[in-house]
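Please read the structure below before turning to the comments.
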Amino acid sequence: MQLNDRTRGWLRHLWRKATTEDDWSRGGEPHPWWDQYSMAPMLSFPRFDLSESSYALLLMGRKTPAWREVYTRILDELVRRHTTHWAAVDWLTQFGPDPDRASYPKKYKGLIPKDLWGEYDVPGWTANGIEPWGRQPDPIGADGNLFFRGFLTLLLGIHRAVSGEKTWEKPFEMVGLDDQTFAWTHSGIATYLSDHWAQNPEGPHCENTKVWPYCLSAAGLGLQMTDLTVGSATHGVYDEWLENIFRKRFLSFDGRGNLKSVGLYHDPQLNRTHRGPRAGGLAPAFYILPQNREMAELLYRNAVASVGWDRRWLPVIGPKSAPRMFTIGLLLAREFGDWTTERRLMSKLGSFDGGRYFNANPDDEADENHDEFGFFFEFGEAYPRGQESALLMLRDLVDGEAGWSAAFNESDSSKFSAPTVEGVDYPRMGLSSAENNETRCTLDFQTYVATRSEAGIPTRFRITQIPDVSVVHVLRDGSPFENWTRLGENTIEIETTVAENRFSVYTGYRADASSSGGAEAGSRVGTEAHLAPARLRPTDLARVSLSQGTANLGCPCCG
418 MQLNDRTRGW LRHLWRKATT EDDWSRGGEP HPWWDQYSMA PMLSFPRFDL
468 SESSYALLLM GRKTPAWREV YTRILDELVR RHTTHWAAVD WLTQFGPDPD
518 RASYPKKYKG LIPKDLWGEY DVPGWTANGI EPWGRQPDPI GADGNLFFRG
568 FLTLLLGIHR AVSGEKTWEK PFEMVGLDDQ TFAWTHSGIA TYLSDHWAQN
618 PEGPHCENTK VWPYCLSAAG LGLQMTDLTV GSATHGVYDE WLENIFRKRF
668 LSFDGRGNLK SVGLYHDPQL NRTHRGPRAG GLAPAFYILP QNREMAELLY
718 RNAVASVGWD RRWLPVIGPK SAPRMFTIGL LLAREFGDWT TERRLMSKLG
768 SFDGGRYFNA NPDDEADENH DEFGFFFEFG EAYPRGQESA LLMLRDLVDG
818 EAGWSAAFNE SDSSKFSAPT VEGVDYPRMG LSSAENNETR CTLDFQTYVA
868 TRSEAGIPTR FRITQIPDVS VVHVLRDGSP FENWTRLGEN TIEIETTVAE
918 NRFSVYTGYR ADASSSGGAE AGSRVGTEAH LAPARLRPTD LARVSLSQGT
968 ANLGCPCCG
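With positions in the sequence shown counted from 1, the corresponding number in my numbering is that position plus 417.
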C-alpha cells in the first residue's frame, strides 16, 4: 500500500491549509482557501471543507498504518476549527424566518415546494429562534442543527480511528451565540446525538423544520465510527430510522415495486416531504453505503440508470459546475464493481477536473517548488476548491470494491501497539508507505521528498514501540545501514537525508493473535438491490436543478 504522487501533493496542501494560522472567531474570517463557496445555499460554509478534508486522511492512515503523526496533526487542526464561530456561522447568524424569502433567485425553485415559493425558507437557512424551540445558543446542544453535530461526530470518529488518541475525550469549548462557550467531549456529542435522535424518531432537524437523509446518514456514519473506535453503542438509532422512516417516507415506488422518487427533505411541521427524481438518491448513498450496503446499492443503481451513465453509447450528462455529482458516482461505481460507469465518469471528470501541482506559498515565487496538488476544475480560483477537490482525491485512495466501506467497518487498531515511525521532519520529508510485515518481523517504509527545495539536507526520525531493541538491524535500499542509535529499550533513532529511500527495520514484532484483527464488523451486504427498469431519464438531472447550469445532484443535501 502506497501513497501516489497526487495524494502526497494533496497531503502537502492540507498540511499548509491546516497549519497556517487564520482567524475563525466572530471578528475574523477564514483564509480564502477554506471552501465557503460550493453549492450555495446549502454547503457554502467553511465547516464542510473541514469534514470532507478528513476523509482522505482516514484512507491515508490505512495505507501507512505505521506513520500517522502528520494526519493526526492535520485532523487536530480541523477539529479545532470546527469548534469556532465560523464553523457554526449559519446557526449563530440566521435567526427566525429568512427575510429574503420573497426575493430568492429562480435557481432555488427546485429546492422549495412550488406552492410555498416566497413563503418558505430555502434549505441552508437554519432559522435559529423560531417556535417552538426559541433561540438556542449552543450549536451542538440545539434541538436543530443536526448537520453540525453530525459531521463533527464523523470528524471526531475519524480522528480517533487515525490517531488512536483520546485528545477530544477531554472537555473542549464550543463557541456559541455571543461568544458563549459550551463544554463537550467526543463521546458526549455522540451520546447526545443518539439520545436526541431516539427522542425524535422521525429524525433530528438540520435547518429547523427540515430532516435530510443526506445529513442524517453522515451523522449515522459518525456514530458508527464512534462505536467502532470508542466501544460505545450509539448507532442503533440510525438503523431504525433508515428502515422505519427513510424507506417508508422518503422512497416512493410504483405498483410494480420500482423506485419512482427520492425525498430530498421532510418538514415534520407541515408533514410534507419534498421529493425529487431517482437521481437524487446518489448523494446520500455515499454515506449510507458503509452502514447499509443493500440500501445504498438500491439508490445508486437507480440513480445511474435514470441518467444513463451506465450506457456506453450515450453521453455522460450533468453540469461541470457541480463536479461532486460525478465524483460520488465514480466512487460508488468503484465500490459496487460497476466498471462501465466507473470508466465513463473517470473520463468525464478527467476532461475538466483541472488537476495540477502548484505552490500556495505567497512568499515563494520559485516555479520549481510546486509540491502541492489539487483539482481546480474550471472555477478560475487561486486555490483548489476545497470540498470538491477533497472528494475527488478519494479516487486515488479507494482501492477497488468495498474500500470506502471497509474504513468504517474494519478496525485496524492493532497498529497503535505496533512499531511506529515518529518524528519525521514533515513537510520536508514524508513517508509514502509504512507497514509492519509480521511474516518477516520488519517495519518497512519508504521516504520521499515532500518539499523539493529541502532535498538532500540531513534529517532524523525515530522508530518506537520496538519489543526488543537488541535484535534490531536496518536496511536502506537493500543494503545494511548503520547510521542509527538506540534510545532506550524500545526506540531507535535513524539519521539520513531528505531523499527517496526504502527502509526495512527488523524489530522482531508479531502482533498477538488475539488482538491483531481488531474489531471487524464487516460491511453489511444485503441481497441484490431492487432496481427499476433502466429507462433513460436525462430530465431527472434537470428536474433537480438549482439553475440551468447546476444540478442538485451535485449537492449532497439535495441529491
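For glycine and all other residues, C-beta sits at the position ideal for the given N, C-alpha and C. Please read these numbers as outputs of a predicted model, since none were measured by experiment.
A519 counts as exposed, since fewer than 16 other beta carbons sit within 10 angstroms of its beta carbon.
Listed as beta-bridge partners of D861 by DSSP are E852 and S921.
Judged by beta-carbon spacing, A867 lies within the 7 angstroms limit of M846, meaning their Cβ atoms are closer than that value. With respect to the 7 angstroms criterion, L467 and L492 are not classified as neighbours on the basis of their beta carbons. Short of 7 angstroms from the beta carbon of M642, and not among the five residues preceding or following it, lie these beta carbons of its own chain, in chain order: L571, G574, I575, A578 and F825.
Per the Cβ contact rule, the stretch 634-648 is in contact with the stretch 825-842 (3 or more Cβ pairs under 8 angstroms). In the structure shown, A600 falls within a strand segment according to DSSP collapsed to helix, strand and coil. Under the 10 Å beta carbon count, L808 is surrounded by 16 or more other beta carbons and is classified as buried. By the Cβ-count criterion, A600 is exposed, with fewer than 16 other Cβ atoms from all chains shown falling within 10 Å of its own Cβ. Counting only the Cα atoms, V724 lies some 13 angstroms from L716.
For the stretch 772-829, the continuous alpha helix (DSSP H) assignments of 4+ residues that do not extend past its boundaries occur at 803-810 and 820-826, in sequence order. A Cβ-Cβ separation of about 14 angstroms leaves E899 out of contact with R877 under the 8 angstroms criterion. Contact annotation: E852 and A504 have beta-carbon atoms that are not nearer than 7 angstroms. Less than 7 angstroms separates the beta-carbon of S634 from that of Y704.
The beta-bridge partner set that DSSP reports for G680 consists of R692.
Along the length of the stretch 682-745, whole beta strand (DSSP E) runs at least 3 residues long occupy 689-693, reported in chain order. Taken atom to atom, the span from the alpha-carbon of D596 to that of P549 is near 24 angstroms.
Around the Cβ of F769, a 10 Å sphere holds fewer than 16 other Cβ atoms; the residue is exposed. Per DSSP, M591 lies in no alpha helix (DSSP H) segment; the continuous beta strand (DSSP E) that holds it begins and ends at F589 to V592.
DSSP places W901 inside the beta strand (DSSP E), whose first and last residues are W901 to R903. Under the three-state reduction of DSSP output, F670 falls in the strand class. Excluding the 5 residues flanking it on each side, G873 has same chain C-beta neighbours closer than 7 angstroms at T914, V915 and A916, in chain order. Inclusion of P685 and E619 in the CB contact set at 7 angstroms is warranted, their separation being smaller than that value. For F878, the uninterrupted beta strand (DSSP E) run begins and ends at P875 to T881, by DSSP. Under DSSP, L659 forms no beta bridge with any residue.
Pairing F465 with Q453, the inter-Cα distance amounts to about 8 angstroms. F667 sits close to G680, with the two beta carbons spaced by under 7 angstroms. Ranked by how close their Cα comes to the Cα of G840, the residues E912, K587, D538 and G771 have E912 in first place.
Between S470 and G803, the beta carbon gap of about 7 angstroms places them in contact (Cβ cut-off 8 angstroms). Contact between N918 and T856 is ruled out by a C-beta separation of about 22 angstroms, above the 8 angstroms threshold. Beyond the five residues adjoining it in sequence on each side, L766 comes within less than 6 angstroms, by CB distance, of F743 in the same chain, given in chain order. In chain order, L706, P707, R710, E752 and S940 place their CB closer than 8 angstroms to the CB of S822, counting only its own chain and leaving out the 5 sequence neighbours on each side. Under the three-state reduction of DSSP output, H890 falls in the strand class. Excluding residues up to 5 positions away in sequence, V891, I909 and I911 lie with their Cβ nearer than 6 angstroms to the Cβ of W901 in the same chain. According to DSSP, T913 shares a beta bridge with T876. Membership of T837 in the beta strand (DSSP E) is indicated by the continuous run T837 to E839.
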